[in-house]
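The next block holds one structure in the form of C-alpha cells; read it before the comments.
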Amino acid sequence: MSHRRRRPAPHSLPRHVRAAAAVATFLAAIALTPAGAGAATDPSVCTVTWDGGAGSTSWGEAANWSTNRLPESTDTVCIGPTAKVESSGFGTLGALHVDGSLKVSFGSLRITGDAGASAVDGSLEVTGSGGLTIDRALTVQHMVQSGGAVTGVGRLVTGDFTWTGGIQGGQGTTEVTSGGAGLSLDGDNHAAGGSRTVRIDPGAQAVWTAGNLDLRDSSRLDNAGLLDIQGNQDFTGDGGDATVINEAGGTIRRSAGDGEVVLTYALANDGELEVKTGTFTVQASTPPGDDSDGVFRVAKDARLRFVYANTFSPVSKITGDGEVVFAGGVQQVYGAVDAPLVVDGAQVNLNADVTVPRIELDKGALGGPATTTTPDLRWESGSLVGTGKTEIAIGGAGLNVDSPQGHGLFDRALVIDPGAEAHWLEGTIVMLGSALLDNHGILDIRGDVATQGCCDSRTSIHNESDGILRKSAGGGSAVIGHSLQNDGILEAESGTLALQAVQNAQSGTLTGGVWIVRATLELGAEVRRNAATLVLDGPGSKLQRPDGTDATGLLDANTADGSLVVTDGRELDVPAGRSDFENAGDLLIGPDSTLRAGGAFRQTGGTTTLETPTSRLVAAGGTVDVQAGTLAGPGVVEGSLHNAGTVSPGPAFPLPEPARAMKVTGDYTQAPGGTLDVTISSQDPDTGHVRLDVGGNAMFAGTLKLETLDGFAPAPGDEFELIRHASSIDEFDTVDGLAPDPAHSYPPPEYGDHATVLRRGPDPQISIADTAVTEGDHGDREARLQVTVTPAPKRPVQLTWNTTDGSATSPSDYESASGTLTLHHGETSAVLSVPVHGDQAHEPDETFHVDLSGVSGASVAAGRGTVTIANDDPAPQPTGSGDPTPSPDPGPGPTPAPGPAPTGPAAGGPPARKPDPRRPKPRPARRCVDRLAPLSRLSRPRAPRAATRRRLTLRGRAHDQGCATLKRVGVAVARRVKRHGQKRCRWLGKRGRFGRPARCDRPRWLGVRGAARWELTLRRPLPVGSYVARSRAVDRAGNRELRVRRHGRGGPNEVRFRVR
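Using this note's numbering, read the sequence shown as starting at 702 and increasing by one per residue.
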C-alpha cells in the first residue's frame, strides 16, 4: 500500500500551502568540527597552495597557485588564513583545506575526498550560480549560502550556517552541529532536493526568519535540536515524498508571526512541536511506519491544524490551551489529548481514554472505541461514532447542539455526567444502531427539535435517577422518537414534549422517576395507574395521548409507589364517569387546585395533603374514605369524610394568619381505628393550633391525638377549639397527649352542640334516686334506679357502682351486683338494674343500697340510692285453740279463693305449733315464670387482611336474665353495600357464600359452638370490604334477645369491622 502524500488540488489549497519544510537535522553538524579548527593547515599535506601570485582572488588564474597550475583531482589544495578566493569556473579536487575564505559564485567545484579529509576553518560561501559538490565529508567553520547549489553524496558539517537562498541537493547530508551560531534561514527561498537530509544536531539551533523552505523530491529535514520559526513563511514542496522528522529531544517551535505556517509534506514528530502564536498547518500525512511519538503543544490563542491523515502513537501527547484542528483525513490518536479540539471535516478516532478541555464538532466524525471526556462540547454538525463513549463532564459549558444541520449518534454512547448540562437548541439528532443517550445531569431542550432513525430494541435515551430532562423553550413540539426510560426528572415546561416510545408507561401504569408537566407532555399510551411521581403544575398542564385526548382520563389509582401532585390552579377529574379513585401513595393538592373523583375517594395508605385553604378534594359520587394513611392540610373536603386512618388538619407551623382549618362540607365519621391529630403551639385562637371544621354531623370514636410543640405549656384557663360541627355523636375512645409534661395538662375534650373544645368548664352534678319494688311470690323482679346528670354533660361521665346490704341481704332477698357506667356527652340519665328475689313469706318491707364511686366528669350530689323491697305476702291465718265458739259472720264480701284444707284442731288434727322465731323462715318452692330475654355480647374481631387468606373467628358471651337457662346463640354476618344509593346487607349463608343485597333488618342466623361462651369460625376468608356482625341469644322459656343500638351505633350485640 502506498503511503505517498496525495497532491492537493490547487483550487482547494490555502494561499500559503506550497512546500514541506524539513528542518530537523540542521543544527547537528557543528558538533563534528574537528579538533584544532581555526589553526593553520599543515603545509606538508598540501600539494597545491594558494599564494596569490597573480594578484587577484580568482581560482581560475594559475599564477595564484604555488605550482603555477590549476589544482587537479589528485591535489590537496590549501588556502591560507588571509587569503580570499573566489571560484567561478569548474574544477575537481582531491581534498581542500581553507583557513581564509572561499566563495563559489559560478561554475562547479567538486571535492572528491580521494586525497583525504577536507576542512574549511575559515568561511565557505556558495552564491550566484555556483555549485559545490561534496563526495566525502567537508567540515566548515562558517558556511554561507545565498544561491547556487550544494550537492553530492558527502556530508557537509558546520556549526554556523547562514542560508539566505540556494539549494541543498544530491544524496548527502548537511549537518548543523552544536557549539556555533547554528542555522540561520533568511532571505527569499531555500530548497532541498533529491534525497538530501538537512539535519540539526542535538544542542544546535536553527532560526528561520524569512523565506519559504522548499523540500523537493524525497529530501528530508531531520531536527534533533531547535528549529525556531519566526514569521509567516511556509514549508513548500513539489508534491514529492519529502518528510520532516522531529526526533526525540528535538523541538520545532513557531514563536513569532500571527499568520499561518503551512507544512505541505509528511511530519513525524517524536520530539516537541510547539505553536506559540498564529496557526501551524500540517497539510500532509504521517510518514509510513513512523507514527508521531512526541508532544504537540499549542499556546493560548494559537492553532495547530491537521489536514490529512495522521497517526499519533500511544506515547504521544497533544496539549496546551490553544486549538488543535482536524480539518481532513482520518486521524488515529492513541495518545493523550489535553488541548481543545476542533473537528472540521476529519474523522478523528480517539483510541485511548482521554479528557479534552473543549471539543467543537463542526462537521466530520469524532469517535473511537475508548471514552472521550470533556466539559465543553459544541456540536454544530457531524457525528459521534464508534463503540466507545463521549462523556460530558462537570466544570464547563457542557454540551451545546445549536445548528439546524443534522447530527449523528451512531453505535456510540453519549453520557451527560451528574452536574453537567446539555442544551439542545435546534437541529435533528439521528440515532442509529446501539446508540445511547445517557443523562445523569441536565438535558435542556430549548427548541422544537427531534430525534430520528431506527435503533435496536435497547433503550436509546435513558434519563438516569440523577438526571433532568427538560423542554424549557419552543412553542411547538419536540419529538423524541426513540425508546425512552425516565428514572430521574422529566419536565415539560414549554410547548409539547412528545415521547413516542416511553418504557415507563407499560400496561397502563406510569412508573419510574418524576414527571413534571407545566405545558403538554405527550405519551404514547394512556395512564390508568400512577406509580411514579407525577406533577401537574398549572391550569395549562396537560398529559395527552398522540391523538390529543387526555391520557389521565382513566386514571383511577395512585399506588403505594406513586406520588401525584396537582397544583397552581390545576383541576384534575379522575377517573372518567362515576368510578372510584384510590390513593395508596402520596397525593398533594396545591393552591387553587382540585382533585375530583368521579365516585368515592379512598385513601388506603400513604398521605393526601391539602396544601392551602384553596386546595380542594372532591368525591363527586361518594365519600372521602380514609381507610389507612393520613389526610393532612388546611384545605377543603367537599362531601363527607370517613376516617379510619389519620386526619391531621392544618398546615405546618408556624401558622400563617389567620388560623387555618381543614373544612369538611358534609359529615365527619371517625372509626374506632381512626386518629384525629391536632398540633398545638400556643393558646392563641388565630395562630396557636389547627382546627377541623365540619359542616354536618360529627361522629367520634378512635383516638384524639394532641401534639404539643416544644416550648409551649398549657395554663389552667386556656381554651382550644379543636372541632366545629353542626352536631356531634359519641366521644373519642382515647385521648393521647393530655399531659405534655409532668407539670402541665389539658382538660379533657368538652363536646358541645357546635364545637368540641379543650377547656376547664364547671362539672355537672350526678345523683342516684331511690326506688321501690314489690318482691312478688316467685322468680326475680328488677329494681331500677335512675342515675341523673344535671345539666347535660359536655364530656363523658364515668363511674363505678355496687350494691350494699341493708335490712335486705344478698343472696336471699336480692342478687348483689356491681359495674361501671358511662354517660356520654348529652346523655342526662341512665338506669341501673338489680335482680330482686320473690317469696311467699310474710315479712316486713326491707331495703338495700346502690352506691356510686370513682366518678369522673361530674361532682356527686347524691351518691347512694336505696331500694325498698315491699312485702306483698298476706299475714298467716290464726289457728284454733279448741274454743267451740264459732267465728262471727264476716258479712257480705268476695268469695275467698279455694285454698288448702285447714289443719289444726278445727280440722280434727293436732294443735298447731307456734313458730320458733330463732329459726330461719323456710323459703317456699317457686315455679319458674321467665319473661326476661337473655343477653349476649359480641367481641370486636381482629379482622385479617384479605391477602392472608385467613378465616375470621367471632367470639362472645351470653347469659339468661330470668330463671330459665340458655337454649342457643345465633350469629349473623353481612357485607355492607350500597345499591341505588340505599344501604343494603348481603347476609352470609351456611355454605359460606353471601346472598343478594337485602334489607339490613332481616338477618340470616348461623349456629355457633357453645352458649355462655360461644365461638364461630367462618367457612371462607372474607374479601375486602365493610362488614356488620350481630348476635342473638334465646332461652328455654322462648325469650329472644332484641337488637341493642346506641345512638345510631352498634350496641353490645352488634359490631362493625373492615377487611383490608
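For glycine and all other residues, C-beta sits at the position ideal for the given N, C-alpha and C.
- Taking 8 Å as the upper bound for CB-CB distance, threonine 1505 and threonine 1521 are not in contact here, some 17 Å apart.
- Proline 1635 carries a coil assignment under DSSP once its states are collapsed to helix, strand and coil.
- Excluding five sequence positions before and after glutamine 1466, the CB atoms of its chain that fall closer than 8 Å to its own CB belong to Val1490, Thr1491, Ala1559, Ser1560, Val1561, Ala1562, given in chain order.
- Between leucine 1639 and glutamate 1755, the CB-CB gap stays under 8 Å.
- If the five residues before and after asparagine 1231 are omitted, its C-beta is found closer than 6 Å to the C-beta atoms of Leu1211, Asn1259, Gly1263, Leu1265, all from its own chain and listed in chain order.
- Rounded to whole angstroms, the separation of the alpha carbons of glycine 938 and threonine 875 is 19 Å.
- The closest CA to that of threonine 1404, considering only Ala1220, Thr1435, Arg1425, is found on Thr1435.
- Between valine 1057 and the set Val1086, Ala1047, Gly1087, Gly1096, the nearest pair of CA atoms involves Gly1096.
- The beta-carbon distance between leucine 1222 and leucine 1244, rounded to whole angstroms, is 5 Å. This is short enough to meet the 8 Å contact definition.
- Its Cα nearest to that of tryptophan 864, the residue Ala882 stands out among Gly871, Gly853, Gln872, Ala882.
- C-alpha of valine 945 to C-alpha of aspartate 1167: approximately 51 Å in a straight line.
- When DSSP states are grouped into helix, strand and coil, serine 745 belongs to the helix group.
- At the C-beta level, valine 1086 and glycine 1128 stay beyond 8 Å of one another.
- Judged by DSSP secondary structure, tyrosine 1369 falls within the beta strand (DSSP E) whose first and last residues are 1369-1371.
- Assignment of asparagine 765 by DSSP, reduced to helix, strand and coil, places it in the helix class.
- By the CB criterion at 8 Å, valine 1180 and alanine 1151 fall inside the cutoff.
- In the DSSP assignment, phenylalanine 1758 falls within the beta strand (DSSP E) that extends over 1755-1760.
- Scanning its chain for C-beta atoms nearer than 6 Å, with the 5 sequence neighbours on each side dropped, one finds around leucine 1524 the residues Val1490, Val1498, Ala1531, in chain order.
- Look at glutamate 1528 here: in three-state DSSP terms it is coil, with no helix or strand label.
- A direct Cα-Cα distance of roughly 10 Å separates phenylalanine 1013 from asparagine 1052.
- Counting other Cβ atoms within 10 Å of its Cβ, serine 879 reaches 16 or more and is therefore classed as buried.
- Apart from sequence neighbours up to five positions away, the residues of its chain that approach aspartate 1274 with a beta-carbon distance below 6 Å are Arg1297, ordered along the chain.
- Short of 8 Å from the beta carbon of leucine 1410, and not among the five residues preceding or following it, lie these beta carbons of its own chain, in chain order: Phe1354, Thr1380, Ile1381, Ser1382.
- In the same chain as serine 1173, and ignoring 5 residues on each side of it, the C-beta atoms closer than 8 Å to its own belong to Asp1145, Ile1146, Arg1147, Glu1192, Glu1194, Ser1195, in chain order.
- Rounded to the nearest whole angstrom, the C-alpha separation of serine 1468 and cysteine 1686 is 42 Å.
- For the options Leu1042, Ala1047, Glu1081, Gly1396, the alpha carbon positioned closest to that of threonine 1073 is the one of Leu1042.
- In this structure the stretch 814-832 lies against the stretch 790-799, because at least three pairs of beta carbons, one per stretch, are closer than 8 Å.
- The residue among Gly814, Gly808, Ala763 with its C-alpha nearest the C-alpha of threonine 777 is Gly814.
- No residue range can be given for valine 1008, since it is assigned to no beta strand (DSSP E) and is classified by DSSP as neither H nor E.
- Serine 759 sits in a strand when the DSSP states are folded into three classes.
- The alpha carbon of leucine 914 has as its nearest neighbour, out of Val1038, Gln934, Arg897, the alpha carbon of Gln934.
- In the three-state scheme derived from DSSP, where H, G and I count as helix and E and B as strand, cysteine 1686 is classed as strand.
- The beta carbon of alanine 957 sits closer than 7 Å to the beta carbons of Gln931, Gly932, Thr978 from its chain, once the five residues preceding and following it are set aside; these are given in chain order.
- Going by beta carbons, glycine 1351 and valine 1391 fall inside the 8 Å limit.
- Around the beta carbon of glutamate 1547, 16 or more other beta carbons sit within 10 angstroms, so the residue counts as buried.
- The C-beta distance from glycine 1696 to arginine 1720 rounds to 14 Å, too long to fall under 8 Å, and the pair is not in contact.
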